[in-house]
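Following the numbering used here, the numbering of the sequence shown begins with 7 at its first residue and continues without gaps. C-beta atoms are modelled at their ideal positions from N, C-alpha and C, and glycine is treated no differently. Here is the structure we will look at.
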Amino acid sequence: MVIVRDPLDPKISMWHFLAYYLRFTREKEGLSLTQWGKIIGMARSSVSNIEAGRAKLQVDYARRLDVKFETGGLFELLLWYARMAHDPNWFKQYSQHERQAAEIKVFHGQLIPLLFQTDDYTRRYGRLSTAKDREAVLAARIARKRATLERDDPPYIWALLDEAVLARRVGGAEVMKPQLEHLLEMSERWNVILRIVPFSAGEHEGSDGFFQLIGLHDRDIAYAGAHGGGRLIEMPDEIKNFIDSFERIGAKADSQDASRKLIKKYLEHYT
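Next up, the structure:
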């Protein structure tokens, strides 16, 4: 028996509205999932996932629909608005991308990024969470880190950290000493390039906040952090801006060897 689910609520987000309108158009045209998929070159299961909100429409497919139904670019325009608007399911999608990443580039100027944190360091920051299920949130962060790093084919990781993350005493010596030791160990891994932007480098573009670039096998996405949350970015022009920023910040960073020496210098404070 075929299970027909109710369409997504279009009032929740632009992504929901886009999925809702895609299904509405398909059903108005009297097309099955398979027939709709043939129009845009997509498998039936992929069409179903998009209509259910489990996957997102990409621009090439939107353009094919606009040509087929002579919409004047409506589907591509809806996709643009969806990408620019807040997505309530952004973090779930972000976590999936992170686990599938072939390459990750991250800049952080305030704290050591999750992928480089010890569990104790993660727990120390986890205490600041105002979530009612704080322990569950903390456990999810640690699980997310391990799901990315302990894959059979872990991603290449390029990390730029401001010297401030070394100077900030998180949890005192009992937390910072093993954390800095772990940072050194991570910097020696074959798939990791870790560089520090020293205080002596002066001003740099990272003052706008931390961000992360995720290289998937078919495209790149970006994540920009903000107080109380963040934003998942899929627009090519915006992603290019973050790639350029990463390069410019990197131009001010120390070499890998010099970065390790700087970490060891801070580690001496705790020995």
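DSSP bridge partner residues for residue i (one or two, in chain order)
i    : result
F113 : L166, F217
L71  : According to DSSP, L71 bridges with nothing at all.
L238 : Y229
Coil, strand or helix - residue i by DSSP
i    : result
I56  : helix
G231 : strand
L14  : coil
R32  : helix
I202 : strand
L24  : helix
L273 : helix
D226 : strand
A49  : coil
D260 : coil
A207 : helix
S38  : coil
R174 : coil
V62  : Looking at the sequence provided, one finds Lys at residue 62 rather than Val. Looking at K62 - three-state DSSP - the assignment turns out to be coil, as it is neither helix nor strand.
E104 : helix
S19  : coil
Opening and closing residue of the beta strand (DSSP E) in which residue i lies
i   : result
L83 : Unbroken run through L83 is the alpha helix (DSSP H), 80-90; no beta strand (DSSP E).
Endpoints, the alpha helix (DSSP H) within which residue i is located
i    : result
I249 : 242-256
H188 : 179-193
E141 : 140-155
T128 : 125-132
Cβ neighbours of residue i in the same chain (closer than 7 angstroms, five flanking residues each side left out)
i    : result
N55  : A61
I148 : D125, T128
M182 : R175, V176, Y276
S101 : R150
F81  : A68, L71, D72
H223 : A108
D15  : H22
A153 : R105
Beta-carbon contacts of residue i that lie in its chain and below 6 angstroms, excluding the five residues immediately before and after
i    : result
I45  : K74
Q185 : T124, Y127
R254 : E211
A259 : L166, R201, V203
H188 : T124
Y162 : E109, N197
M192 : F122, V198
L273 : L186
D226 : I245
Same chain, Cβ closer than 8 angstroms to residue i, neighbours up to 5 away in sequence not counted
i    : result
I9   : The predicted model places I9 with a pLDDT of 49, which falls under 50 and marks its position as unreliable, so this point remains unresolved.
M7   : With a pLDDT of only 36 at M7, under 50, the local geometry of the prediction cannot be trusted, and no value is derived from it.
T1   : Residue 1 lies beyond the stretch modelled for the chain, which goes from 7 to 277, so this question has no answer here.
Q116 : D168, A170, V171, R174, F216
G59  : L14, W21, H22, A25, N95
Closer than 6 angstroms: residue i CB and nearest the ligand FMN heavy atom
i    : result
T277 : The model depicted lacks the ligand FMN and carries no ligand whatsoever.
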